[in-house]
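A short worksheet on the structure shown next.
In this note's numbering, the protein residues as written are 219 to 325.
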């Protein structure tokens, strides 16, 4: 897969999520959310969910897990996704023909 495939799938996923998201919670998650809501007193429970998603995303980026997953599935990194170009495209390495190793040092 490629950078274009990743971009297309992110766009499709973004469209699929929409503005309202219904999530079913297991007992443990419901208990943790109730405790956080009581302790942090947000205006809406939705705010805690938004914060949790931001924290998970940042943690995944900081630990390199996102890059690992993207490299495994799409052969790109998060930085390449953000720039819209692969490393090879950024450095110009993809503009030169491949070297013929057998004839490389012949004069």
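Glycine residues also receive a C-beta, built at the ideal position from the N, C-alpha and C atoms.
- Task: Would you identify the three-state DSSP class for residue 229, choosing helix, strand or coil?
- Result: helix
- Message: Looking at the secondary structure, which residues open and close the alpha helix (DSSP H) in which residue 256 lies?
- Response: 245-258
- Is the Cβ-Cβ distance between residue 280 and residue 296 less than 8 Å? no
- Whole angstroms is fine: what's the gap from residue 288's alpha carbon to residue 231's? 15 Å
- Sorted by chain position, which residues of the same chain lie with C-beta nearer than 7 Å to residue 298's C-beta, five sequence neighbours on each side aside? 221, 304 and 305
- Secondary structure of residue 239, DSSP reduced to three states: coil
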